[in-house]
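Let me begin by presenting the structure, written as structure tokens, before commenting on it.
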Ligand code: UDP
Ligand code: MG
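Numbering (this note's numbering), first residue to last: 518 to 845.
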């Protein structure tokens with residue numbers, strides 16, 4: 518067999534989590550198929566339906582009727598993007614795996630570029646956003662600040678302004694799948710596994726149809742590392758209350774100081790006392806809240822629940838080649 522034919526038998530899995538994306542999936546499918554047709558690879562599409570409330574699942578099933586290269590993992594409810602993505606990765610059979618959003622914000626045409634670098638020997642090729650269309654200034658600003666803060670605070674080097682849009686070689690994926698933690702901050706996990714990584718720049722498009730599933734509260738939650746932590750919420754409130762009381766104490770302190778300096782202070786020592794008590798109180802709540810954040814995570818990890826529940830799965834014709842059964 519010549520090397521070309523050997524190459525042909527390699528599989529490229531396109532993994533895409535979808536939550537209420539029925540309006541985008543047909544366009545997504547045709548763009549992915551036409552973008553990958555000249556790659557000389559077998560293409561598998563792994564859709565994860567993340568508990569959509571619209572008819573996303575019907576659109577998927579309809580596509581699969583005509584194309585058995587599609588896998589559909591239908592989750593029992595909405596688990597959030599990070600977990601849905603993990604479900605898709607668990608079921609991908611490819612030698613290389615591309616992670617891509619179903620809303621066409623990540624242009625499928627870039628997959629060609631990914632594959633080129635993969636063939637040149639890179640294990641992880643990720644796409645760095647040089648421009649973000651259709652997102653508010655506030656979102657761009659907060660995400661700019663957040664990534665810089667994360668960079669300062671974390672000890673692994675998490676690339677800035679990089680989404681989940683990337684290609685992974687099988688061996689990088691196998692390493693990633695060994696990490697089964699519940700609070701999955703995927704960008705951090707990708708960085709943690711290492712391997713030969715490359716970043717390429719691209720311009721992020723606006724969504725094709727529909728609107729983003731993230732709001733500021735859910736982004737804050739992601740920033741706090743978890744999406745679904747109902748019982749951790751009270752602990753989180755402690756940190757928020759702590760921050761607020763520290764802020765109020767600071768403002769009140771400034772007020773008392775100005776008042777004392779300009780208008781005198783009939784009770785000696787009173788102002789400094791109030792400032793100190795409220796300030797220390799705020800700091801204590803903040804510290805308790807932070808401990809609570811970690812405790813909440815330990816609590817969630819120890820429950821040892823599965824990451825997700827599959828309601829229904831339809832495998833592609835490539836299923837089980839390369840598949841790590843243990844991880845499912
Ligand atoms: N998504 C998901 N589960 C969710 C939220 C989002 O599977 O709970 C999917 C969504 O369908 C899309 C991708 O994750 O394919 C990115 O979501 P979105 O476009 O809302 O995020 P943004 O691009 O604004 O960061
Ligand atoms: Mg999007």
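Backbone N, C-alpha and C define an ideal beta-carbon position, used for all residues, glycine too. Computed from a prediction, not measured in an experiment: that's the story for all the values here.
Cutting at 6 Å between CB atoms, please list the residues of its own chain near residue i, excluding the five before and the five after it.
i	result
residue 632	556
residue 845	Residue placement at residue 845 is flagged as unreliable, the pLDDT there being 41, under the threshold of 50; the coordinate-derived value follows with that caveat. Cβ within range, chain order: 607.
residue 830	590
residue 622	721, 722, 724
residue 692	710
residue 747	Low confidence applies to residue 747: its pLDDT is 31, below 50, so where it sits in the model is not reliable, and the reading given next is rough at best. Hits under 6 Å: none found.
residue 558	527, 529
residue 796	766
residue 585	834
residue 578	none
residue 832	588
residue 726	540, 541
residue 712	640, 641, 689
On the premise that residue j lies in contact with residue i, defined as a C-beta separation below 8 Å, what is that separation, rounded to the nearest angstrom?
i	j	result
residue 827	residue 604	7 Å
residue 714	residue 825	About 27 Å separates the two Cβ atoms, so there is no contact after all.
residue 539	residue 572	5 Å
residue 800	residue 771	17 Å between Cβ atoms; not a contact.
Going by the DSSP bridge assignment, what does residue i pair with across the sheet?
i	result
residue 800	In the DSSP output, where bridge partners are listed per residue, residue 800 has none listed.
residue 535	566
residue 641	685, 714
residue 615	531, 684
residue 831	589
residue 576	None; residue 576 has no bridge partner.
residue 679	645
residue 559	528
For residue i, which option in the options has the closest C-alpha, if you only look at C-alpha atoms?
i	options	result
residue 660	680, 641, 643, 642	680
residue 765	793, 787, 780	793
residue 534	682, 821, 637	682
residue 568	547, 537, 559	537
residue 550	541, 539, 531	531
residue 699	592, 823, 545	823
residue 541	560, 561, 575	575
residue 563	627, 580, 571	580
residue 773	786, 761, 706	786
residue 630	758, 719, 704	719
residue 689	578, 832, 706	706
residue 599	702, 609, 637	702
residue 728	653, 821, 805, 820	653
residue 717	798, 637, 644	644
residue 806	819, 758, 656	758
residue 547	637, 820, 836, 624	624
residue 819	697, 656, 597	697
residue 609	779, 597, 657, 560	560
Once the 5 residues before and after residue i are set aside, which same chain residues still bring their CB inside 8 Å of it?
i	result
residue 749	Residue confidence is low: residue 749 scores 49 on pLDDT, short of 50, so the model does not pin down where it sits. No coordinate-derived value is stated.
residue 635	613, 642, 684, 686
residue 619	533, 534, 535, 538, 541, 542, 545, 564
residue 842	Below a pLDDT of 50, predicted positions are generally treated as unreliable, and residue 842, at 46, falls in that range; the measurement from the model is reported next regardless. Result list for residue 842: empty, nothing under 8 Å.
residue 769	791, 792, 795
residue 798	762, 766
residue 836	588, 608, 610
Can you give me the Cβ contacts of residue i inside the same chain, cut-off strictly under 7 Å, excluding the 5 residues immediately before and after it?
i	result
residue 595	536, 567, 568
residue 628	552, 553, 615
residue 760	803
residue 626	552
residue 637	none
residue 617	531, 533, 623, 625, 682
residue 570	537
residue 910	Outside the displayed span of the chain (518 to 845) sits residue 910, for which this structure offers no information.
residue 779	none
residue 695	none
Determine, for residue i, whether the minimum Cβ-Cβ distance to residues of chain B falls below 9 Å.
i	result
residue 810	The structure shown contains no chain B; it holds only a single protein chain.
Using the beta carbon as the reference atom, which residues fall closer than 6 Å to any heavy atom of ligand 2, ordered along the chain?
618, 620, 622, 724, 729
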